[in-house]
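Take a look at the structure below.
This is the structure we're talking about:
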């Protein structure tokens, strides 16, 4: 299982970090977790053909997590080499309505062959080479976190969230937890995590490795990773765009 970090930032333009996007390569599947702006061209930067992606799981519908759906689908529609595998895009309840609104604006420009738009809720789904466990988060009503289990390994993606015991349970004993840390402790924003909250989730869940992501520029200025490393025992990695991690 190989993780490529495509975007480790937020909605704020920042030369170091693009909006949320993560690619996961399994034995048979290539998965995107969120699709913030810049995700499509960064796939090429890490050596992944966008036509190989067969699942996109969206944590929620805010633009910094979904904006690159339009160029991704537009490129797929007009690629000279046509897609072989079906493409499934998954979102929480309301996603079909969200995509219908996009389709009203862009019509068949974002309707490539083999596209499937699906909704999911918290629960367990089994696929050919992975199991997906979805859990609700405290961000907006429909936001989700995901746990993917494959090849004896597990990776959890928090999406955007505030502190919750349900995220602790979803991340329990995982091999890798990609977790947001939007703001320093003194600038806490409802619906997002701070270093101390990240540390509490990490220690309670006993995740083996942390990847700290969804970082506003001030998080780099105030060195939030140092605060987290002082409070947790698990290996802790500061996410960077185009970083590759073997799970």
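Numbering (this note's numbering), first residue to last: 68 to 314. We put the CB at the ideal spot given by N, CA and C, even for glycine.
Out of curiosity, what's the CA-to-CA distance linking residue i and residue j?
{"i": "residue 197", "j": "residue 96", "result": "8 Å"}
{"i": "residue 123", "j": "residue 289", "result": "33 Å"}
{"i": "residue 168", "j": "residue 302", "result": "42 Å"}
{"i": "residue 252", "j": "residue 306", "result": "19 Å"}
{"i": "residue 105", "j": "residue 278", "result": "20 Å"}
{"i": "residue 175", "j": "residue 144", "result": "9 Å"}
{"i": "residue 190", "j": "residue 204", "result": "13 Å"}
{"i": "residue 88", "j": "residue 266", "result": "23 Å"}
{"i": "residue 296", "j": "residue 130", "result": "30 Å"}
{"i": "residue 264", "j": "residue 207", "result": "18 Å"}
{"i": "residue 216", "j": "residue 82", "result": "33 Å"}
{"i": "residue 114", "j": "residue 91", "result": "12 Å"}
{"i": "residue 258", "j": "residue 226", "result": "11 Å"}
{"i": "residue 300", "j": "residue 260", "result": "19 Å"}
{"i": "residue 219", "j": "residue 287", "result": "34 Å"}
{"i": "residue 233", "j": "residue 213", "result": "12 Å"}
{"i": "residue 284", "j": "residue 250", "result": "9 Å"}
{"i": "residue 107", "j": "residue 150", "result": "15 Å"}
For residue i, is the classification buried or exposed, using 16 other Cβ atoms within 10 angstroms of its Cβ as the cut-off for buried?
{"i": "residue 84", "result": "buried"}
{"i": "residue 274", "result": "buried"}
{"i": "residue 80", "result": "exposed"}
{"i": "residue 292", "result": "buried"}
{"i": "residue 202", "result": "buried"}
{"i": "residue 294", "result": "buried"}
{"i": "residue 73", "result": "buried"}
{"i": "residue 254", "result": "exposed"}
{"i": "residue 192", "result": "exposed"}
{"i": "residue 164", "result": "exposed"}
{"i": "residue 280", "result": "buried"}
{"i": "residue 229", "result": "buried"}
{"i": "residue 94", "result": "exposed"}
Leaving aside the five residues before and after residue i along the sequence, list all residues of the same chain whose C-beta is less than 8 Å from its C-beta, in chain order.
{"i": "residue 160", "result": "186, 188 and 209"}
{"i": "residue 121", "result": "96, 97, 98, 152, 153, 154 and 155"}
{"i": "residue 134", "result": "86, 102, 103 and 104"}
{"i": "residue 69", "result": "91, 92, 311, 312, 313 and 314"}
{"i": "residue 78", "result": "86, 129, 130 and 131"}
Give me the residue from the options with the minimum Cα distance to residue i.
{"i": "residue 128", "options": "228, 158, 176 and 249", "result": "158"}
{"i": "residue 172", "options": "141, 298 and 195", "result": "141"}
{"i": "residue 132", "options": "286, 287, 271 and 247", "result": "247"}
{"i": "residue 146", "options": "256, 255 and 179", "result": "179"}
{"i": "residue 126", "options": "116, 69, 199 and 257", "result": "199"}
{"i": "residue 177", "options": "138, 194, 260 and 211", "result": "138"}
{"i": "residue 310", "options": "184, 212, 110 and 298", "result": "110"}
Take residue i and list the residues in its own chain whose beta-carbon comes closer than 6 Å to its own, dropping the five residues that flank it on each side.
{"i": "residue 243", "result": "222, 276 and 314"}
{"i": "residue 162", "result": "186"}
{"i": "residue 304", "result": "278"}
{"i": "residue 239", "result": "272"}
{"i": "residue 136", "result": "102"}
Which residue or residues does DSSP assign as beta-bridge partners of residue i?
{"i": "residue 124", "result": "100 and 157"}
{"i": "residue 243", "result": "222"}
{"i": "residue 71", "result": "90 and 311"}
{"i": "residue 192", "result": "199"}
{"i": "residue 272", "result": "Residue 272 is not bridged to any residue."}
{"i": "residue 183", "result": "155"}
{"i": "residue 302", "result": "276"}
{"i": "residue 211", "result": "203"}
Using a Cβ-Cβ cutoff of less than 7 Å, which residues in the same chain neighbour residue i once the five nearest sequence positions on both sides are dropped?
{"i": "residue 112", "result": "309"}
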